[in-house]
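Protein sequences, first through last, are from chains A and B. Residues in the first sequence are numbered from 1 upward in steps of one, following full-length UniProt numbering. Residues in the second sequence are numbered from 1 upward in steps of one, following full-length UniProt numbering. Glycine included, every Cβ here is placed at the ideal spot set by N, Cα and C.
2 protein chains.
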Amino acid sequence: MSEKTARKELVILRILKDTDVPLSSSKLLENLHAMGHDFSERTVRHYFQILDEKGLTENHGKKGRLITELGLGELARAKVFDKVGFLGAKIDQLTYKMTFDLHKRCGTVITNVSFIETKTLPRVAPLICQVYEAGYSMGTMMTLFKSGERVGNAIIPAGMTGLGTICSITLNGVLLAHGIPAHSSFGGLLELHKHKPTRFAEIIKYNGTSLDPLEVFIRSGMTDYAGAIKNGNGRIGVGFREIPADSRDNVLDLADKLKTVGLGGIMLVGWPGQPLLEIPVSDGRAGVVIIGGLNPVAILEETGTKIQSRALAGMVEYEKLFHYKEMNDRIDALL
Amino acid sequence: MSEKTARKELVILRILKDTDVPLSSSKLLENLHAMGHDFSERTVRHYFQILDEKGLTENHGKKGRLITELGLGELARAKVFDKVGFLGAKIDQLTYKMTFDLHKRCGTVITNVSFIETKTLPRVAPLICQVYEAGYSMGTMMTLFKSGERVGNAIIPAGMTGLGTICSITLNGVLLAHGIPAHSSFGGLLELHKHKPTRFAEIIKYNGTSLDPLEVFIRSGMTDYAGAIKNGNGRIGVGFREIPADSRDNVLDLADKLKTVGLGGIMLVGWPGQPLLEIPVSDGRAGVVIIGGLNPVAILEETGTKIQSRALAGMVEYEKLFHYKEMNDRIDALL
DNA sequence: AGTCGATTCGGCAAAATTGCCAAATTTTAT
DNA sequence: ATAAAATTTGGCAATTTTGCCGAATCGACT
């Protein structure tokens, strides 16, 4: 048994390591939930006690706990795991790192990058706009990277231009900043009938894959944006989140505010405990469907334009984004 | 809490429903493990007691338990879940259904089917043989389906021929028949250097996806069989299993026997508790790497021949299989 | 300063999970 | 057929997880 409990202690230590402010049991629980673990708040405190006794954490009064040097050492020793790099872990990391502030309208957001041959860009731009126009996009903002420019740890190749789209993970970060832990459960291919979401055709859970689900759907040619735009019957990429039941109203409120800054992407919000699009949710949670960030460029692959996309490529300052209607001007400026 | 326990009771009932012979606690535990659930044997008995009291199961002496009418009703009422259809569930189902008997060399095995234009078949046959020859295949057997023939619930289209390859899930069934519960954890893209497996490039867990990982890798053009065959440097599709630690020798033994009947596909067997190719395994288990069943046809996609593959398509009698070296003759007979 | 409300914490106990063991029974070997 | 070995089962207790509650602490407002 000590095997299992040891692993849980490590999970807690790992979260503690990633933050520099003390965490109380409830704050830590939020993170735990956002990562998909299921504990009660009491259990967290139970482990805090054990970790305190072992000297791996320190009780900083009512502020919360911090990890000690000893705890960091313990973590380092056990760090052998997690070489693989599931998407779920990457999502969590980026969620911590992004700094976008909804009210100040500044800070960094998480972006995907697609490499497109610069000379074909003007030709395909209208297609991309169509997706934004139809509302099957994560917000209305985008950005461009010149060849040679660096995004995350990728560099735009010569002769190519990087098209940056907002990653839907950005929403997680915004929600978390408002104290709402959103768990990213999976990416799915959503079937639309007459513009109405009906059911998931395919599903890939984030914590079970090293490949981005949306990239997979796009590269496998399983999407159908052309149809979705033309007559509302098609298949588009979306993400599925779970939020605490009692934060539902809060989320709906934030969704509105996000829309005003060009980051609207929440498509559906379910009811506590109720399945959403036939997907059951955990007890005390509600399901949320979020538009996929890569959607605007997916239509290119569909229409025969080869592109290379990297989801979760890196972070970009909000100021560097512009409205999609400016795309043509920006492209002209680039050439 | 009763929410959680109720779900666990259902899991047990579901297994009980799928078998017609009484199951003892240890037999049921094997099934649970094969499905990826982690219980102790005692806990199973604990739930048996509860289910007995509720009248949902019946104690048939030392033989084991059976589900009662009441239990079936309870299941039906809760059946709302699982609409989505993760691959993990499908794997479990098929593992139960297949009947291949290693010693009698008869019964059904699980196969994948790839649709290939009949007229291009003779041209690509040598390529397929190369993969078998190089040993990057699940066994040495295959089968062909004429157009119009039915496999599972798919029908071979006109002008096409169905190429049936052995699905690696077949091994699960054989192991289970020998009392070894093998849990299928994920499909991965394995990097080879000088013919040696080195590390996983990508990973998709079976219980987190509705798409077959190998199909994804193939359709996304991420495989590199050409390289793997030419100089031993490439990327091939494999499956990862976990077996009980103390069944290791047993599995190695079975692996040999399977090879003699043309079903050899076990590539690596790790040590109890030790990571295999940087993949950590659960406590008391050992990792196993199994060659992907679709490998032989993957090379076609790689070389530009469009094919359509369906993993886990259906079951085929072992007698209908033939050695890959007979392929050309069989193709001639078909034309 | 005093009060209210919210948050955090730890004690206690109930519920859930699991280890250990001995009795009953079945299977296997002789 | 009989003895030995293995399996199955249920009782008891230890461990783990969680619910409930009262006390302590912090911040905000009067």
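Point to revise | Under 9 Å by beta carbon: chain B residues contacting A:Gly173 | key: Those within 9 Å of A:Gly173 in chain B number zero; the least Cβ separation is about 23 Å.
Within this structure, are the beta carbons of B:Val174 and B:Ile243 separated by less than 7 Å?
-> No, the pair does not count as a contact, with Cβ atoms beyond the cut-off.
**Asked** Along chain A, which residues have their Cβ under 7 Å away from the Cβ of B:Ser220?
**Response** The answer, in chain order, is Val216, Arg219 and Ser220.
_For chain B, check one thing: does any of its Cβ atoms lie closer than 7 Å to the Cβ of A:Tyr290?_
Note that residue 290 of chain A is Ile in the sequence shown, not Tyr. A:Ile290 does not count as touching chain B.
With distances taken Cα to Cα, identify the nearest neighbour of B:Asp224 among B:Val124, B:Leu312 and B:Glu301.
When the alpha-carbon of B:Asp224 is set against those of B:Val124, B:Leu312 and B:Glu301, the nearest one is in B:Glu301.
How would you label A:Gly293, buried or exposed, when you count the other beta carbons within 10 angstroms and need 16 or more for buried?
The residue in question, A:Gly293, is buried, as its Cβ has 16 or more Cβ neighbours within 10 Å.
Quick check on B:Gly187: buried or exposed, where buried means 16 or more other Cβ atoms within 10 Å of its Cβ? With 16 or more other Cβ atoms within 10 Å, it is buried.
3 or more residues per run - each beta strand (DSSP E) lying fully within the region 7-73 of chain A: You should have 57-59 and 65-67.
*For A:Asp275, I'd like the list of residues in its chain whose CB is within less than 8 Å of its CB, leaving aside the five on either flank, ordered along the chain.*
The residue you asked about is not Asp; residue 275 of chain A is Pro in the sequence shown. So the list reads Val281 and Gly287, once near-sequence residues are dropped.
- Message: Beta carbons nearer than 7 Å to chain A: which residues of the region 130-160 of chain B have them?
- Response: Hits within the stretch: zero.
Please state whether the Cβ-Cβ distance between B:Leu75 and B:Leu13 is less than 7 Å.
In contact: B:Leu75 and B:Leu13 (Cβ atoms closer than 7 Å).
task: Kindly say whether B:Leu121, judged by its beta-carbon, lies nearer than 7 Å to any beta-carbon of chain A.
output: No, because no Cβ of chain A sits closer than 7 Å to the Cβ of B:Leu121.
task = Pair every Cβ in the region 215-223 of chain A with every Cβ in the region 243-254 of chain A, then say whether three or more of these pairs are closer than 8 Å.
result = No, the region 215-223 of chain A is not in contact with the region 243-254 of chain A.
- Would the region 150-163 of chain A and the region 255-268 of chain A be scored as touching if the rule is three or more Cβ pairs under 8 Å? Result no; under three Cβ-Cβ pairs closer than 8 Å.
Using a Cβ cut-off of 7 Å, pull out every chain B residue sitting near A:Glu202, in sequence order please. Against chain B, the beta carbon of A:Glu202 has neighbours under 7 Å at Ser210 and Leu211, listed in chain order.
* Please say whether B:Arg199 and B:Ile277 have beta carbons closer to each other than 7 Å? => In the sequence as presented, Ile is not what sits at residue 277 of chain B; that position holds Leu. In contact: B:Leu277 and B:Arg199 (Cβ atoms closer than 7 Å).
At what residues does the beta strand (DSSP E) containing B:Leu312 begin and finish?
Residues Gln308 to Glu317.
- Under 9 Å from the C-beta of B:Asn207: neighbouring residues of chain A: Residues of chain A passing the Cβ test: Lys205 and Gly208.
Whole-number beta carbon distance between B:Ile169 and B:Thr95, since they are thought to touch under 8 Å
Right, the Cβ-Cβ distance comes to about 6 Å (below 8 Å), so this counts as a contact.
Q | Nearest-angstrom beta carbon gap, A:Leu87 and A:Thr68 [assumed within contact, 8 Å] | A | Between A:Leu87 and A:Thr68 the Cβ distance is about 31 Å, and since that is not below 8 Å, they are no contact.
message: Please state the DSSP three-state secondary structure of A:Gly284.
response: Looking at A:Gly284 - three-state DSSP - the assignment turns out to be coil, as it is neither helix nor strand.
Hey, B:Val113 and B:Gly162 are a contact pair by Cβ (cut 8 Å); roughly how many whole angstroms apart? Contact between B:Val113 and B:Gly162 holds: CB atoms are separated by about 5 Å, below the 8 Å threshold.
Q. What's the gap between the Cα of A:Pro181 and the Cα of B:Arg7?
A. About 24 Å.
query: In three-state terms, what does DSSP make of A:Thr111?
result: Here A:Thr111 sits in strand by DSSP.
Problem - Pairwise C-alpha distance: B:Ile290 and B:Leu189 - result: Each residue's Cα considered, the two are about 12 Å apart.
| message | Given 6 Å as the limit, tell me if A:Asn31 has its C-beta closer than that to any heavy atom belonging to the ligand SAM. | response | Ligands displayed in this structure: none; no statement on the ligand SAM is therefore possible.
Item checked: Nearest-angstrom beta carbon gap, A:Leu321 and A:Met141 [assumed within contact, 8 Å] -> Contact holds; Cβ gap of about 4 Å.
Since A:Met160 is in the beta strand (DSSP E), which residue starts that stretch and which ends it?
-> A:Met160: member of the beta strand (DSSP E) spanning Met160 to Ile166, first to last residue.
Those runs of the beta strand (DSSP E) which lie wholly inside the region 169-241 of chain B and span at least 3 residues:
With a minimum length of 3 residues, the continuous beta strand (DSSP E) runs that stay inside the region 169-241 of chain B are 183-193 and 196-205.
- Reducing DSSP to helix, strand and coil, say where A:Ile156 ends up. In the displayed model, A:Ile156 falls within coil according to three-state DSSP, outside both helix and strand.
Could you work out which residue in B:Asn328, B:Cys106, B:Ala311 and B:Leu171 is closest to B:Glu317 when comparing CA atoms only? The option with the nearest alpha carbon to B:Glu317 is B:Cys106.
*If you compare alpha carbons, which of B:Arg248, B:His323, B:Ala333 and B:Leu335 is closest to B:Cys129?*
Closest option to B:Cys129, judged by alpha-carbon separation, among B:Arg248, B:His323, B:Ala333 and B:Leu335: B:His323.
So, helix, strand or coil for B:Pro275, using DSSP? Coil.
For this session: Please report the residue range of the alpha helix (DSSP H) in which B:Met141 lies.
Result: DSSP places B:Met141 in no alpha helix (DSSP H) but in the uninterrupted beta strand (DSSP E) bounded by Met141 to Phe145.
Subject >> Cβ shell of B:Ser25 (< 7 Å), same chain only, five flanking positions each side left out >> reply: Here the set comprises Glu41, Val44, Arg45 and Phe48.
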